[in-house]
Structure formats: C-alpha cells, structure tokens
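Down below is the structure, laid out as structure tokens.
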Amino acid sequence: MSIEETTPRQTEFPPSTEFDVATDELLVNMGPQHPSTHGVLRLVLRTDGEVITEVTPHIGYLHRCAEKVGENLTPRQWIPYTDRLDYISSMNMNLGWALTVEKLLDYELPEKARHVRVIVAELNRIASHLIAACCYGLDLGSFTPYMWAFREREKIMNLFEEVCGARLTYSYITVGGVTADLPPGWLERCETFLQELDPCIAELHALLTSNAIFIRRTANIGVLSPEMAVSYGCTGPVLRGSGVDWDLRRDGEPRYTQMYDGYKFEVITETDGSYPQDEDYPPVPSAAVLGDNWHRFYVRMLEVVQSMKLVRQGMEKYRQTSDSIGKPVGIKQKLPAGEAYLETEAPKGQMGFMIVSDGKPVPWRVRVRSSSFCNLSVLPELCRGVLIADIPAVVGSLDIVLGEIDR
Amino acid sequence: MAEYLAQFINADWQWIVYVGVALVSCVLLLALVATAAAAFTWAERKVSARIQDRLGPTRRGGRFGWLQSPADGLKLICKEDIIPAGADRILFRLAPYISFCASFCVFLALPFADNWVALRLNTAVFFMLAVAGLEVFGTILGGYASGAKWSLYGAMREAAQVVSYEIPLGLCVLVPVMIAGTMDLVEIGGQQAGWFFHWNLFHDPFTFVTFWIFITCAMAGTNRLPFDLAEAESELVAGFLTEYSGFRWSIFFMAEYASMFALCGLGAILFLGGWNGPVPIGQWLVLLAPESGLLHDATVQFANLLGMCNFIFKCVAGVIFMMWVRWTLPRMRIDQVMTTCLKYCVPLASAMFLGAMLWTFAASVVVNARTEPPPSPPSTTAVAPRCYALQKTAREAEHGEEGNDGAGTRTSDEKGGRRQ
Amino acid sequence: MDVKLILDRLKQDCQRWITGSNLEALDPWIEVSAEGLGEVALLLRDAPELLFDMLHCISAVDYHEQSKKPAKGKCKGKDEEKELAEQSNNEPEWQPHIDVIYHLSSMVHRHRLVLKVILPRWKDGVEGQLPEVPTVSDLWSTANWHEREVYDLSGIRFIGHNDLRRILCPEDWEGHPLRKDYQLPASYHGIETR
Numbered sequence: 001m002s003i004e005e006t007t008p009r010q011t012e013f014p015p016s017t018e019f020d021v022a023t024d025e026l027l028v029n030m031g032p033q034h035p036s037t038h039g040v041l042r043l044v045l046r047t048d049g050e051v052i053t054e055v056t057p058h059i060g061y062l063h064r065c066a067e068k069v070g071e072n073l074t075p076r077q078w079i080p081y082t083d084r085l086d087y088i089s090s091m092n093m094n095l096g097w098a099l100t101v102e103k104l105l106d107y108e109l110p111e112k113a114r115h116v117r118v119i120v121a122e123l124n125r126i127a128s129h130l131i132a133a134c135c136y137g138l139d140l141g142s143f144t145p146y147m148w149a150f151r152e153r154e155k156i157m158n159l160f161e162e163v164c165g166a167r168l169t170y171s172y173i174t175v176g177g178v179t180a181d182l183p184p185g186w187l188e189r190c191e192t193f194l195q196e197l198d199p200c201i202a203e204l205h206a207l208l209t210s211n212a213i214f215i216r217r218t219a220n221i222g223v224l225s226p227e228m229a230v231s232y233g234c235t236g237p238v239l240r241g242s243g244v245d246w247d248l249r250r251d252g253e254p255r256y257t258q259m260y261d262g263y264k265f266e267v268i269t270e271t272d273g274s275y276p277q278d279e280d281y282p283p284v285p286s287a288a289v290l291g292d293n294w295h296r297f298y299v300r301m302l303e304v305v306q307s308m309k310l311v312r313q314g315m316e317k318y319r320q321t322s323d324s325i326g327k328p329v330g331i332k333q334k335l336p337a338g339e340a341y342l343e344t345e346a347p348k349g350q351m352g353f354m355i356v357s358d359g360k361p362v363p364w365r366v367r368v369r370s371s372s373f374c375n376l377s378v379l380p381e382l383c384r385g386v387l388i389a390d391i392p393a394v395v396g397s398l399d400i401v402l403g404e405i406d407r
Numbered sequence: 001m002a003e004y005l006a007q008f009i010n011a012d013w014q015w016i017v018y019v020g021v022a023l024v025s026c027v028l029l030l031a032l033v034a035t036a037a038a039a040f041t042w043a044e045r046k047v048s049a050r051i052q053d054r055l056g057p058t059r060r061g062g063r064f065g066w067l068q069s070p071a072d073g074l075k076l077i078c079k080e081d082i083i084p085a086g087a088d089r090i091l092f093r094l095a096p097y098i099s100f101c102a103s104f105c106v107f108l109a110l111p112f113a114d115n116w117v118a119l120r121l122n123t124a125v126f127f128m129l130a131v132a133g134l135e136v137f138g139t140i141l142g143g144y145a146s147g148a149k150w151s152l153y154g155a156m157r158e159a160a161q162v163v164s165y166e167i168p169l170g171l172c173v174l175v176p177v178m179i180a181g182t183m184d185l186v187e188i189g190g191q192q193a194g195w196f197f198h199w200n201l202f203h204d205p206f207t208f209v210t211f212w213i214f215i216t217c218a219m220a221g222t223n224r225l226p227f228d229l230a231e232a233e234s235e236l237v238a239g240f241l242t243e244y245s246g247f248r249w250s251i252f253f254m255a256e257y258a259s260m261f262a263l264c265g266l267g268a269i270l271f272l273g274g275w276n277g278p279v280p281i282g283q284w285l286v287l288l289a290p291e292s293g294l295l296h297d298a299t300v301q302f303a304n305l306l307g308m309c310n311f312i313f314k315c316v317a318g319v320i321f322m323m324w325v326r327w328t329l330p331r332m333r334i335d336q337v338m339t340t341c342l343k344y345c346v347p348l349a350s351a352m353f354l355g356a357m358l359w360t361f362a363a364s365v366v367v368n369a370r371t372e373p374p375p376s377p378p379s380t381t382a383v384a385p386r387c388y389a390l391q392k393t394a395r396e397a398e399h400g401e402e403g404n405d406g407a408g409t410r411t412s413d414e415k416g417g418r419r420q
Numbered sequence: 001m002d003v004k005l006i007l008d009r010l011k012q013d014c015q016r017w018i019t020g021s022n023l024e025a026l027d028p029w030i031e032v033s034a035e036g037l038g039e040v041a042l043l044l045r046d047a048p049e050l051l052f053d054m055l056h057c058i059s060a061v062d063y064h065e066q067s068k069k070p071a072k073g074k075c076k077g078k079d080e081e082k083e084l085a086e087q088s089n090n091e092p093e094w095q096p097h098i099d100v101i102y103h104l105s106s107m108v109h110r111h112r113l114v115l116k117v118i119l120p121r122w123k124d125g126v127e128g129q130l131p132e133v134p135t136v137s138d139l140w141s142t143a144n145w146h147e148r149e150v151y152d153l154s155g156i157r158f159i160g161h162n163d164l165r166r167i168l169c170p171e172d173w174e175g176h177p178l179r180k181d182y183q184l185p186a187s188y189h190g191i192e193t194r
C-alpha cells in the first residue's frame, strides 16, 4: 500500500456518480453524518468487497461564506469569524489573522503581548493535538484515551475561560495585541496544569502509541511520500510525518518567526532515521513506515511536549517583561491600500490569510488558505487499495476540521 | 426434580409434571438472563466510566444508579417502532428473536451447581457450542434485512468472524473435555472439587494457556472489542444494528450479554472449577452435617447454593474482565481478526491440545507405574483422581471386586483364575 | 533569492509573458499573461535556482469597479500619496478585471513569490462567459482543489483541469458568490434564501 510517486490521474475512472457503477462493485456513502468523518464530510467509496478502489470527498456542507462576510466587516470585527474556522484551535486562527492585518498596517507589537500570544497559541496547540490524537484512538475503537485527553483539555479550556471568558471561540488575540492581560494567579494555575499533563501523556503513549493493536491498525497504511505531500500542499504534522523538516515557526516569514525569537524548541520530524532525542519518547515500531498514519500521530504526540516547553518558556519571559500588552487598533481603523498574505503554523498545518485593501476600513477581499483543505485533498491518493476500516484511520491521521475546509 | 415429583403422579399424567418443571426451569433461566442483561448494562456503564475517569449513572436509584437499566429498558419499550422502507419486513422483525433464542438456549445445558441444571446432557459442551453458533443467523438476517449497505457489511464481517472463531473455541474446549473424559458439564465441574489447585486451570501449563486462548475466542465469538467490527461504531455507524431501535435493539443486546454470560460460565466450569471454590467450603459443610436424613439433604443443597453463588461470581468476574478489555484496547480490522484466528489461535490451540494430551498420557503412565497391583480396592470417596485414565482403572478394579463377591463362577482376575 | 533576481531569471526565458511587476509591495508580485502561465509556472517549479515546489494558495480578487479614494491615515508618508495620485493620472483607462493570485514558495531556497494573472471579468466581454486561464494542477497537485474553489466562487474557468466542478457550493448552484456583483437568488429548491 505504499505510494512512492504521484499516481497518474485515472482517466478510465471518471469521478464516481450515483449511476456509474460496475456490476461487481459497491458504491457506499459515508455520509455527511458519520461518527468518524470529523465533521460534515461526505465520502463516496467505490468498493470491491472490503477493498476501496476510489474515494471521492465532497465538502461544502459547512460553508458559511466567511470570506464574503469579511468584505463587509472591519478586520477586528471579523475576528470571531476566524474563531469559527478551525474551532478547535481558535487562538491560532485569531493569531494568523491578527498577524496578517498587522503586516498590512506595519504594526510593531509590544514584547509582553508577544509572549502572551506564544503562551495561548501553544496551549491551544496542546489542546488541538490532544483532541486529534485521542479522537484518532476513538475512531479506532479505543474509547478511554479520548476521555482522559478531554479531561486534560478541560483544564486548558478553564484556563482560557479565565483569560477571555470563552471556552472554545476565544477572539482573544486581536489586531494590535491581545484583548486583556492574564489574570493574577493564572501563570501558577497554568504551571499546575502542565505538571498534571506530563503523566497523562505517558498514559496515552502506553494506551495508543505503543499498543500492538493500534500499531497494526496504523502502521504502513496511508503512506504519504514527501514529494506527494509537498505537491498536494500538505503542511503541519502531515508534512513532518513524511520526514520533511519544515516548520513555519522556524522557517516562515520574519513577521511570524520573530514571535518565537528567543524560544527553544525542536521541530518534530524524522531526520536521518530518528526523531529529536531531547526527551524520553516511546520508540518507533519496526512496522511503521515513514509517512504512514502512525508517524503522523507520533509527530502530534511529540509536538505536545514541545508546546509544553514553549508555554513554560513563555511564562518565564512574561514574568521578566515589564512591557504593556499593547492596545488593539481602532475598530474602524483605516487600512492602507495593498495586499498582505501571511502563513502561520497552526496545529493542523499552515494557515494562510490574505487581506486586500483599497484604503477603507473594510477590506476589499479576505482569503483564507486552509491547511485542512490541502491535507484532505490528498485523501483519494492515500486511500487506494485500503480496506473500509482504514478510511477512518487515514482521515483521522490527517486531522481535518471541516470548519476551516469549508469556511 | 421432575423424577422426584413424578413419583406421586399416575403414569398417564406424568407428562404434566415434566412440562411443568420444564416451564419453571425456563422461567427461572429467562429471569436470570434478563436480570443478567440488565445488570451487565449497568456494570458496563459503571466499569467503563471508572476506567475513563468519570462516574457513570449516579441519579436513577440512589448513588449508584442501579435503576438506570430498568429506566432504559422502559424507554426502549416505549420507543417508536421504525422499520426502514427498504427493509425486508418479516426477516427484520424475526432477526433479533433468533439471536436471543439461540443465546438463551445455551443456558439450558449450563449447570449452576452440582446437578442444578435445566437439562442434564452427557453432551452438554457440544450442545452449548452448537447452539451458541446459531446466534450468528440472527445477526446476518438483521444485517441483510435492514436493506442498508452498512448493515450488510456488518453482517458479513460478523458471519466471517464468528464462524471462524468457532474452530479455535472448539479446540480450546476439547482440552478440559479430554482431561475430564466426559462432555457432561456437571461431571467436569464435579471433578474439580477441592482447592483451587484442583481446577483444570492448574492441571498443566498447556491448559493454563488454553484458558487464555479460550477467553480470546470467547470475546471474538461474542463480538466484544477488540473484535467488535460487526457493530464498529466509528466505521459503520452501528454495523448490523444501524437500523434497529427500541425494543428490537434491546433484544439484540440482551442476546449479546446473555452469550457473554454463557461463555464465561462455560469457561468457569471447564477451567475454573465451576461452582467449586478456591476453598472447599461446600465439602466442609457436608462433612460437618449428619450422614443422612433431611438435615443432610438440606446441607447438601445449601452447599450447592453457595456453589451457585460462587459460580455466578466467577461468571460476573469473567464478564467484567471482558468489559475491562473492551474499554482498553482499540479495534482490529477484519483481515487482522481473521489472521489472528487462523494464524495464531488455531495453531496455538492445536498445540495446546497436543501438549495437554501428552502431559496427561505421561502423567497416567507415571501414576500407573507407581500404583502396582493395589492391595485393597482404591477408595473412591477420597479425593477423586483428576485423570480419567486413573478413574477408569479405579472403576474396573471396583467392578472386578463386586464380580468376585457375586456368582463366583467368573473371576475378574486378568492373569488367569480358577477354571471350572 | 531576491525577487528582483527571480524576475530577471524569468525574463531570461519568458520575457514575452511577463506583463508587469511590483517589487516594492509587501508581498512582491510578478504579473504574467494568461497564455504564458503554463510556461512560467513550469520554469518556476523546475529551474534549479528557482525550485518553487510548493503552491500555497490560489485566490481570485474581483475588481468590478475602481476604488474611489486613495489610502490615507496609516500610509507610509505623504510622498506615497503623491505617487499614487500621479499614477492614477498616468494610468491607462482602468478596466474592471479579476486578479488570479498564486502564492508560491520554495522549501529548498527559502524564497517566496506571488504570481498574478489579470483577466477580464467576462470572456470577450460577453456576460456569462467565464474568463479562462490554463491550469497548473498538473504541476502542483494542490491546485486541483484550489482551482475548483476559484471556479466555484469567482467564476474562472481553468483550461485543462480534469474535473472542474463546484466544490463548496452545491453542484446545481447558479452564479459565483464571491464576485462583487453577485445577487443571491431568491430561493433554492423551494427554500427561501432571504
């Protein structure tokens, strides 16, 4: 099942329609409502018994015209719409949009705001990866890690509720900084949470990463070669799981990478046959092939540890800075004419925002480049020749959120 | 019991007694199965909750929520009866009941204590396995009759899985049957009387391993995780159960919990001594009681009652173990399930069978070598020999003695004897 | 590699297709004509010193009317205002158009580029006929879905695309919602939209 190069486009199999089925094949619909499609995704499977010959994803069930709405609201007013793109990691969505508009405005961010942004963005990355990893276990039938991960995520949501009043759609990071400073005692509670998270990660490794059945279900399935990953625009853990050493927090645009100035972290990918050895990670099983489901899952689990380090560093730097957290720009701030595009490393991949302005407070065009959109586009290639039971395994390993695919 | 009551009745009307007793047995068993199903749904929710670091039902019926199951049952009965438009109406209605009947009939031959069994069969093991295999018909019918592709997938997977796992299950069951020399479950249980090291589990290392293979095959045969792809929630929505709701769904689930209970019961009797506990309390009680009379009978039955509680405790422990495994491990794919069956379970079970057979043979040779012509008939009231071969020798010797005391014209002395 | 150098490299082979550029913008862009997009894209992807292996995004921006006011306020300075005023005086008559914007980057050389293709809003001025541009989905596979989205929402036809159908809107939707003159239909299959 390993796909070494881009398979040529199949011209003898036109995209499947409801009426075009060979007599010994079955056309099965994994409909918009399905427990394991991570949202309203419709997959039409052409199967020969249990073996899949073609998968056609149909999206658009969650299209809410966010980009059109963005042409009628000022950037600060549009921030809640970014929350609802990848609603699992809203902070990172807010961050991407805020940085893009700040790029257009050529805005200089105060130090303290920078550190607060790192803290909340990385905490949200932890939450997002916990959900990704453990919903993946749920798709494969392992219910318990899901509950344990949600217990930890609940603590993150409590922390965020203290900061901005919301549990899921935060609208906290805004153009010009953040909306409010961290409440007193928050840093201590955050530190307590990080200490409680450590043993939980070890438990999740025992239940999932090193579990023989989990490895049999994920290893050597959905193998994505690095060339195909880059060609399909896959980013984030999907790209790093194929062995490509690329992380925008280190390799991106200066306006984004300067947010992580002074922070030390490892980019999690397999280089020269091994992952970073800065912590005690479970070993890679022999059955796992680089670019398969297991590696994508593993990258996420390891990135949680890296994010914990970043949060700790952020808290330390926050304590040492005596700056202000800045002030958000005016809500009807006039934007200079021009275009700005910026990509940030969101938990699911590279999120890009483009703003085109003609000099008015309301932008002329808003464009969202969704990481999950590109990650999902590689699904038909990954799913040729797998069994039906592997479809949730592959979809889960891509970690998609329909909110940002459909916008 | 039927014979006991039939004594008092005229020969022509004795059939009424038999029918009556059969009805009583069925009603008792049905009550047990239904209660077990309700109790196990509650236990499943509590066990899964505790494993997942939460509480489970805590509102209905006090702090432990034990009334949750009856409440759910009531809700299910009151639900709207939905049959999909494309479903085969008759088969759709019939399927749950086939499953349930098959599950329930298994209990007919399952003894709960010494001679406390609805139907005493000398091929009880065979009967139980055969009838348990009929449950898959209900599943296939249910999946096919639902008229949906996902249900069909679930049904086909189920058929392949259950039928395949009957082979290693049968092989595992053969080991204690061979050790016991009989398929009568009452006798198999009786032979394990005494302390826990008399259990078949500790008879030899091969039986020990066989027990764990048996547990694995039992989980596969009852569609429990990691083998639950017939109802794999995350892939097939609910597999063959997708279109079932309300009372029919609850019948399917009762069937599932009933077969879990039955297979755990079978395992308990075959490997874990059945109603004979780790500690032979029942035997001590009987020894303390007078030799004969009503008090003796009452004490024996009371010991049986304790044995039954012991047996049910073992069954429940087995079911809770299955639940524990369910909430820990991920699910296996159909081809991995079949690989596990054909490439691992079957050869391993066969190897264990061979090993147990050789061990038993070797043990009997050693014992026979030690017990050269016994000076007096071996006592059968002492600890019963666990090996059938030894029992046979003991029985033959006993019959030979009786023959001598009898007519006198024949002698059982094999090495010759007086000739007339 | 600096954008100026990239432009020079492109001009070596594809001079005739380059129709404009703005190297001082926040994201410097190079404008190419629709006919030459295929050749330019191939060069960008395969030339050893360019190696743009990742296509991040394809977007379409609809300029259906000229914006009335120049930028004020947070502008870089009064000089730029004067420059803009001069430009608009010297510019040829402004036409409504759609920009198709390609954001490219190279992981190897760590440089980024924006490619623009300016298309008329309707092909040959006939309203309803979608403007056309060659596809790049045979060069970067990610373009497959991005071009479907641009077709769906902004009404650009990509020639050579193997499966150009709507992706976000339902298959039988009419109109291209992100166009500035788009009117929401009153109902869709009997469901009132307003």
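Residue numbers (my numbering), protein chains in the order written: chain V, 1 to 407; chain D, 1 to 420; chain C, 1 to 194.
Each residue gets a CB set at the ideal place from its N, CA and C atoms; glycine is no exception.
Remember, predicted model here, so these are calculated numbers, not experimental data.
I'd like the span of the alpha helix (DSSP H) that includes residue i, first residue to last.
{"i": "V:Arg-296", "result": "293-320"}
{"i": "D:Asn-115", "result": "First-last for D:Asn-115: undefined, no H or E at that position."}
Consider the Cβ of residue i: report whether some Cβ of chain V lies at a distance smaller than 7 Å.
{"i": "C:Met-54", "result": "yes"}
{"i": "D:Leu-241", "result": "no"}
{"i": "C:Thr-142", "result": "yes"}
{"i": "D:Pro-226", "result": "yes"}
{"i": "C:Trp-94", "result": "no"}
{"i": "C:His-109", "result": "no"}
{"i": "C:His-161", "result": "no"}
{"i": "D:Arg-333", "result": "yes"}
{"i": "D:Cys-341", "result": "no"}
Counting only C-beta atoms, is residue i closer than 7 Å to chain C at any point?
{"i": "V:Trp-246", "result": "yes"}
{"i": "V:Arg-365", "result": "yes"}
{"i": "V:Pro-80", "result": "no"}
{"i": "V:Gly-70", "result": "no"}
Is residue i close to chain D, meaning its C-beta is less than 7 Å from at least one C-beta of that chain?
{"i": "V:Leu-382", "result": "no"}
{"i": "V:Gly-141", "result": "yes"}
{"i": "V:Val-44", "result": "no"}
Looking at the secondary structure, which residues open and close the beta strand (DSSP E) in which residue i lies?
{"i": "C:Phe-158", "result": "157-159"}
{"i": "D:Phe-227", "result": "Neither: D:Phe-227 is in no beta strand (DSSP E) and is coded neither H nor E."}
Taking residue i as the reference, give the member of the options with the closest Cα.
{"i": "V:Gly-176", "options": "V:Leu-379, V:Glu-102 and V:Pro-32", "result": "V:Glu-102"}
{"i": "V:Tyr-172", "options": "V:Asp-399, V:Pro-80 and V:Pro-183", "result": "V:Pro-80"}
{"i": "C:Trp-122", "options": "C:Gly-155, C:Pro-170 and C:Ile-101", "result": "C:Gly-155"}
{"i": "V:Leu-27", "options": "V:Trp-148, V:Val-401, V:Ala-206 and V:Ile-388", "result": "V:Ile-388"}
{"i": "D:Leu-185", "options": "D:Met-323, D:Ile-140, D:Val-367 and D:Val-106", "result": "D:Val-106"}
{"i": "D:Leu-285", "options": "D:Leu-305, D:Leu-270, D:Gly-273 and D:Ala-268", "result": "D:Leu-305"}
{"i": "D:Ala-218", "options": "D:Ile-90, D:Ala-132 and D:Ala-38", "result": "D:Ala-132"}
{"i": "C:Ile-18", "options": "C:Glu-24, C:Asp-27, C:Met-1 and C:Gly-36", "result": "C:Gly-36"}
Item to check | alpha helix (DSSP H) segments (min. 4 residues) lying fully within the region 292-327 of chain D | outcome: 294-326
Item to check | Minimum length 4: unbroken alpha helix (DSSP H) runs contained in the region 177-257 of chain V | outcome: 186-204, 212-218, 226-231, 237-240, 248-251 and 254-257
Checklist entry - Taking three-plus beta-carbon pairs below 8 Å as touching, is the region 379-390 of chain V in contact with the region 118-125 of chain V? => result no
Item to check | the region 288-297 of chain V touching the region 235-242 of chain V, judged by at least three CB pairs closer than 8 Å | outcome: yes
Next on the checklist: For a minimum of 4 consecutive residues, which ranges assigned as the alpha helix (DSSP H) are wholly contained in the region 59-138 of chain D?
Outcome noted: 68-77, 89-105 and 124-132
Next on the checklist: With three or more C-beta pairs closer than 8 Å as the rule, is the region 86-95 of chain D touching the region 146-161 of chain D?
Outcome noted: yes
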